[in-house]
Amino acid sequence: MSAQQQSLAQLAAHDEDKRRLALLERVVQRLHTNNSVALAILWTLAGIVTIVFLSVIILLLVQGIPYLVRPDFYSPNGEGSIGSQLFNTFYILILSEIILVPISLAAAIYLVEYARPGRFVTFVHFSAETLAGVPSLVLGLFGFLAFGSRLGLGFGTSRLTGALTLLCFNFPLALRLFEDALTAVPRDFREGGLALGSTKWRMVRTVVLPSALPGIVTAIILSSGRIIGEAAALIFTMGTTNPANVFTLNPFISSDNLTIRIWYVQTLGSGVVPPEAANAVSAGAAALLIVILLAINFASRGVARFIQRRITAA
Amino acid sequence: MAQTQPIQSQAQQRIQRARVGDQVAHIVFFLCAILIVAVIIGVFVFVGIQGFRLFGEDPHASNFLTSTNWDPDGASGTPSYGTLGFILGSVVTTLIAIVIVTPLAFGMALFMTEITPKWLGNILRPLLEVFTGMPSVVIGFLALVILVPFISKVVGPLTPNPATAGVGWGTATLVLIIMILPTVISISIDAVRAVPDSVREASLALGSTRWQMMRNAVIPAATTGLATAVVFGIARAIGEALAVSMVLKGTSLPANVFTPLAFFQPNVNLTQPIVLYFSDASGTTRDAYFMLGFLLLIISFLFVCVSRYLASRSVYK
Numbered sequence: 000m001s002a003q004q005q006s007l008a009q010l011a012a013h014d015e016d017k018r019r020l021a022l023l024e025r026v027v028q029r030l031h032t033n034n035s036v037a038l039a040i041l042w043t044l045a046g047i048v049t050i051v052f053l054s055v056i057i058l059l060l061v062q063g064i065p066y067l068v069r070p071d072f073y074s075p076n077g078e079g080s081i082g083s084q085l086f087n088t089f090y091i092l093i094l095s096e097i098i099l100v101p102i103s104l105a106a107a108i109y110l111v112e113y114a115r116p117g118r119f120v121t122f123v124h125f126s127a128e129t130l131a132g133v134p135s136l137v138l139g140l141f142g143f144l145a146f147g148s149r150l151g152l153g154f155g156t157s158r159l160t161g162a163l164t165l166l167c168f169n170f171p172l173a174l175r176l177f178e179d180a181l182t183a184v185p186r187d188f189r190e191g192g193l194a195l196g197s198t199k200w201r202m203v204r205t206v207v208l209p210s211a212l213p214g215i216v217t218a219i220i221l222s223s224g225r226i227i228g229e230a231a232a233l234i235f236t237m238g239t240t241n242p243a244n245v246f247t248l249n250p251f252i253s254s255d256n257l258t259i260r261i262w263y264v265q266t267l268g269s270g271v272v273p274p275e276a277a278n279a280v281s282a283g284a285a286a287l288l289i290v291i292l293l294a295i296n297f298a299s300r301g302v303a304r305f306i307q308r309r310i311t312a313a
Numbered sequence: 000m001a002q003t004q005p006i007q008s009q010a011q012q013r014i015q016r017a018r019v020g021d022q023v024a025h026i027v028f029f030l031c032a033i034l035i036v037a038v039i040i041g042v043f044v045f046v047g048i049q050g051f052r053l054f055g056e057d058p059h060a061s062n063f064l065t066s067t068n069w070d071p072d073g074a075s076g077t078p079s080y081g082t083l084g085f086i087l088g089s090v091v092t093t094l095i096a097i098v099i100v101t102p103l104a105f106g107m108a109l110f111m112t113e114i115t116p117k118w119l120g121n122i123l124r125p126l127l128e129v130f131t132g133m134p135s136v137v138i139g140f141l142a143l144v145i146l147v148p149f150i151s152k153v154v155g156p157l158t159p160n161p162a163t164a165g166v167g168w169g170t171a172t173l174v175l176i177i178m179i180l181p182t183v184i185s186i187s188i189d190a191v192r193a194v195p196d197s198v199r200e201a202s203l204a205l206g207s208t209r210w211q212m213m214r215n216a217v218i219p220a221a222t223t224g225l226a227t228a229v230v231f232g233i234a235r236a237i238g239e240a241l242a243v244s245m246v247l248k249g250t251s252l253p254a255n256v257f258t259p260l261a262f263f264q265p266n267v268n269l270t271q272p273i274v275l276y277f278s279d280a281s282g283t284t285r286d287a288y289f290m291l292g293f294l295l296l297i298i299s300f301l302f303v304c305v306s307r308y309l310a311s312r313s314v315y316k
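Sequence order for the protein chains is W and X. Going by numbering that gives the first Met the number 0, the first sequence wraps up at 313, each residue one higher than the last. Going by numbering that gives the first Met the number 0, the second sequence wraps up at 316, each residue one higher than the last.
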């Protein structure tokens with residue numbers, strides 16, 4: 000009797016176990032279904048984003064390549080060509096890098112090597128973040144007042160005003176990238192330099208800067224990408240039209256560049272420039288900008304790696 | 000004895016020179032660091048003072064924040080400086096853009112940090128970087144050539160004015176989406192990546208599936224970082240100027256602004272009037288555009304403060 004009871008109880012317990020097991024299995028099943036659904040959704044979202052990005056690049060190249068392969072597209076004169084704009088783009092790139100690099104590198108050196116961590120550094124970082132958040136259009140208004148008009152430095156709408164405005168535009172990013180490059184240098188390098196009795200500046204010059212070179216070069220390349228692509232900060236400060244001859248190194252003349260030209264022929268100048276020329280200029284210039292930016296992106300990877308290898312090998 | 004003296008003084012001179020050089024370098028570096036503070040203060044002071052002159056020059060400007068009628072030249076009698084229409088344009092386009100961008104960006108960020116195979120990541124990351132630096136005029140041009148004809152063909156028959164159906168808030172919103180998506184994605188990726196692996200491991204060790212791990216551990220831990228990304232995206236969208244100015248093409252709000260048709264008619268936002276009309280303006284009119292710029296500056300400053308506050312509250316940085 001008792002054995003029978005026992006086996007009955009066992010059977011009941013067995014049933015209970017089975018039910019629980021089935022329940023658990025269902026829960027696990029559901030979790031796995033949820034997991035698969037969620038992962039599928041994430042794959043889809045990522046797919047959508049990637050397709051949008053890729054199709055934008057491909058569309059731009061398809062629109063522009065037919066113009067890019069024609070040599071007369073690069074001639075300096077004529078409404079459907081971009082020779083002078085191409086020159087201006089690289090001119091303003093070099094001019095603003097000449098101003099930007101020493102100033103922001105010096106500021107980064109101060110923040111990383113000299114300043115004690117504390118309120119001042121936080122304050123400078125807050126200023127940099129605020130400046131990074133200012134719309135570039137407003138920076139253009141500021142540059143117009145501070146560097147262009149008689150209120151401030153009075154350079155008028157000129158390449159120099161444009162370069163100074165680009166300094167304000169790129170300062171926060173360059174500062175952060177340079178700071179990152181400097182902080183990546185190990186502490187013992189610095190201590191070694193100081194222990195040999197050199198002054199701080201000598202130590203920075205001979206130890207920190209060479210070791211930080213890959214990061215510094217990457218920062219310069221990244222900021223140059225932003226300079227090439229920027230237009231909103233420049234339309235009030237550098238101008239939207241060209242003088243008769245742009246192929247001079249004179250920083251006091253006003254000129255446009257590739258991005259400004261695209262914008263100008265599609266908006267303000269749409270009545271002045273014939274539509275075919277406008278479309279040729281914008282399609283070709285847009286594709287050219289994409290090619291330049293892609294090249295810059297690959298260069299920033301390659302160059303940093305190359306310098307790294309040279310330094311560590313030497 | 001007589002020989003060591005000059006050597007000693009020479010060494011002392013060298014040390015002296017090095018010290019002076021160090022001091023000079025120190026001061027120069029300090030000035031450069033101060034410069035960034037000076038620039039941001041300068042931006043507020045210059046643009047602010049020039050903008051506020053408007054209220055002294057023209058008493059009509061008191062309707063700056065209360066009217067929708069922007070007519071600084073007084074083409075229809077008295078000049079009017081109402082910016083509400085511009086603000087409405089920016090708010091509508093930005094809000095819709097950010098609502099669409101947020102899920103896309105979070106999904107992409109989770110995908111790139113938690114799921115993506117290595118080879119795919121090596122393709123996606125450079126693509127994202129190139130897009131973060133995409134010039135806005137290029138996107139604006141592409142929208143003009145591809146989106147505008149497409150939208151006017153699809154939606155045109157439903158609108159009163161099919162010829163201009165392709166421009167307006169609808170296209171501007173799409174342009175904004177493409178412009179801010181890469182930025183929001185890369186900040187979200189930073190936020191998700193800042194969550195330490197121990198959080199993930201703890202969750203997985205409790206038997207979570209990967210999705211449970213993401214939903215219950217990673218996303219809560221990265222909340223403030225993700226919020227920062229969204230706020231930053233909003234600030235970007237409001238300040239975006241050239242691409243939007245290319246596809247808005249309006250001079251004032253359309254008549255039927257509270258119907259869906261408003262998205263498919265020439266329209267306005269905050270940046271577009273500055274971009275298009277500032278260069279030709281002078282005197283009081285120009286100050287009105289400066290005031291518009293100052294309004295833009297204040298709005299984006301508020302968003303920077305919010306994003307900074309959120310960032311300061313995040314646990315993982």
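Don't be surprised by glycine CBs; every beta carbon is placed ideally from N, CA and C.
(request) Please work out which residues of its chain come closer than 8 Å, Cβ to Cβ, to residue 178/X, disregarding the five sequence neighbours upstream and downstream, and give them in chain order. (result) Around residue 178/X: 133, 135, 138, 235, 236, 239 and 242.
(request) Examine the Cβ distances between the region 135-153 of chain W and the region 70-87 of chain W and report whether three or more of them are shorter than 8 Å. (result) Between the region 135-153 of chain W and the region 70-87 of chain W, the count of Cβ pairs shorter than 8 Å is below three; the stretches do not touch.
(request) Please say whether residue 292/X and residue 136/W have beta carbons closer to each other than 9 Å? (result) Taking 9 Å as the Cβ cut-off, residue 136/W and residue 292/X qualify as a contacting pair.
(message) Counting C-beta neighbours from all protein chains within 10 Å, is the total for residue 17/W 16 or more, i.e. buried, or is it exposed?
(response) Residue 17/W should be labelled exposed.
(request) Please classify residue 169/W: does DSSP put it in a helix, a strand, or coil? (result) Three-state result, residue 169/W: helix.
(request) Grab me the residues of residue 138/W's own chain with a C-beta within less than 7 Å of its C-beta, minus the 5 sequence neighbours each way, in chain order. (result) Here the set comprises 164, 167, 168 and 232.
(message) Beta-carbon within less than 7 Å of residue 91/X's beta-carbon, same chain only, minus the 5 sequence neighbours each way: which residues are those?
(response) Closer than 7 Å at Cβ, skipping near neighbours: 168.
(message) Assuming the contact rule is C-beta atoms closer than 8 Å, residue 100/X and residue 176/X should be a hit. Round their C-beta distance to whole Å, please.
(response) Residue 100/X to residue 176/X, Cβ: 6 Å. Contact.
(message) For a quick check, are the C-beta atoms of residue 106/W and residue 32/X less than 9 Å apart?
(response) Yes, the Cβ-Cβ distance between residue 106/W and residue 32/X is below 9 Å.
(request) Please report the residue range of the alpha helix (DSSP H) in which residue 190/W lies. (result) Run containing residue 190/W: 186-194, per the alpha helix (DSSP H) assignment.
(message) Counting beta carbon pairs with one atom in the region 251-268 of chain X and one in the region 25-43 of chain X, are three or more of them shorter than 8 Å?
(response) Touching, no, given that fewer than three Cβ pairs across the two stretches are closer than 8 Å.
(request) Could you tell me whether any Cβ in chain X is nearer than 9 Å to the Cβ of residue 201/W? (result) So yes, residue 201/W belongs to the interface.
(message) Applying the 10 Å Cβ sphere with the 16-neighbour rule, what's the burial state of residue 271/X?
(response) Burial state of residue 271/X is buried, judged by a 10 Å Cβ sphere holding 16 or more other Cβ atoms.
(request) Please state whether DSSP places residue 70/X in a helix, a strand or coil. (result) Under the three-state reduction of DSSP output, residue 70/X falls in the strand class.
(request) Only counting runs of 4 or more residues, tell me where the alpha helix (DSSP H) segments fall wholly within the region 118-194 of chain X, in order along the chain. (result) If we require 4 residues or more, the alpha helix (DSSP H) runs fully inside the region 118-194 of chain X come out as 135-141, 147-154 and 168-192.
(message) Distance check for residue 181/W and residue 29/X, CA to CA, integer angstroms please.
(response) In this model, residue 29/X and residue 181/W are separated by some 16 Å (Cα to Cα).
(request) Leaving out five residues on either side along the sequence, give the residues of the same chain with a beta carbon under 8 Å from the beta carbon of residue 285/W. (result) Excluding sequence neighbours, residue 285/W sits near 59, 62, 63 and 261.
(message) Please tell me whether residue 110/X and residue 45/W are closer than 9 Å, where the distance is taken between their beta carbons.
(response) Taking a C-beta distance under 9 Å as the contact criterion, residue 110/X and residue 45/W qualify as a contact pair.
(message) By DSSP's criteria, residue 248/X is part of a beta bridge. Which residues make up the other side?
(response) Under DSSP, the beta-bridge partners assigned to residue 248/X are 266/X.
(message) Using 9 Å as the threshold, is the C-beta distance between residue 189/W and residue 112/W below it?
(response) Taking 9 Å as the Cβ cut-off, residue 189/W and residue 112/W qualify as a contacting pair.
(message) Once the 5 residues before and after residue 211/W are set aside, which same chain residues still bring their CB inside 6 Å of it?
(response) Answer for residue 211/W: 180, 181 and 184, listed in chain order.
(request) Would you be able to state if there are at least three C-beta pairs under 8 Å between the region 123-132 of chain X and the region 47-56 of chain W? (result) By the criterion of at least three beta-carbon pairs nearer than 8 Å, the region 47-56 of chain W is in contact with the region 123-132 of chain X.
(request) Mind reading off the beta-carbon distance from residue 187/X to residue 302/X? Whole number of angstroms is fine, and I expect it under 8 Å. (result) Taking a contact as a CB-CB distance under 8 Å, the pair residue 187/X and residue 302/X does not count as one, their CB atoms being some 17 Å apart.
(message) Could you pull the DSSP bridge partners for residue 79/X from this structure?
(response) Partner(s): 70/X.
(message) Can you confirm whether residue 312/X, when its beta carbon is compared against all beta carbons of chain W, has any partner nearer than 9 Å?
(response) Contacts with chain W at 9 Å (Cβ-Cβ) do not include residue 312/X.
(request) Go ahead and label residue 213/W buried or exposed: buried means 16 or more other beta carbons lie within 10 angstroms of its beta carbon, across all protein chains shown. (result) Per the 10 Å Cβ criterion, buried.
(request) Inspect the CB distances between the region 259-275 of chain W and the region 76-96 of chain W and report whether three or more fall short of 8 Å. (result) At 8 Å Cβ cutoff, the stretches touch.
(request) Can you pull the chain X residues whose beta carbon is under 7 Å from the beta carbon of residue 126/W, in chain order? (result) Correct list: 35, 36 and 39.
(request) At 7 Å on the CB atoms, spell out the chain X contacts of residue 304/W, in chain order. (result) Correct list: empty, because the minimum Cβ distance to chain X is about 14 Å.
(request) Let me know the secondary structure DSSP gives residue 213/W once reduced to three states. (result) In this structure, DSSP gives residue 213/W a helical state, which the three-state scheme calls helix.
(message) If you measure between the beta carbons of residue 218/W and residue 259/W, is that distance less than 9 Å?
(response) Taking a C-beta distance under 9 Å as the contact criterion, residue 218/W and residue 259/W do not qualify as a contact pair.
(message) Under DSSP, the alpha helix (DSSP H) around residue 183/W begins and ends at which residues?
(response) Where residue 183/W is concerned, there is no enclosing alpha helix (DSSP H), given that its DSSP letter is neither H nor E.
(request) Measure from the C-beta of residue 288/X to each C-beta in chain W and report whether the shortest distance is under 9 Å. (result) At a cut-off of 9 Å, the C-beta of residue 288/X has a neighbouring C-beta in chain W.
(request) Examine the Cβ distances between the region 68-80 of chain X and the region 272-288 of chain X and report whether three or more of them are shorter than 8 Å. (result) Short answer: they touch.
(message) Among the candidates 197/W, 294/W and 269/W, whose CA atom is the shortest distance from the CA of residue 20/X?
(response) The shortest Cα separation from residue 20/X among 197/W, 294/W and 269/W belongs to 197/W.
(message) For a contact defined as C-beta to C-beta under 7 Å, what are the partners of residue 21/X on chain W?
(response) Chain-order list of chain W residues neighbouring residue 21/X: 198, 199 and 200, by C-beta distance under 7 Å.
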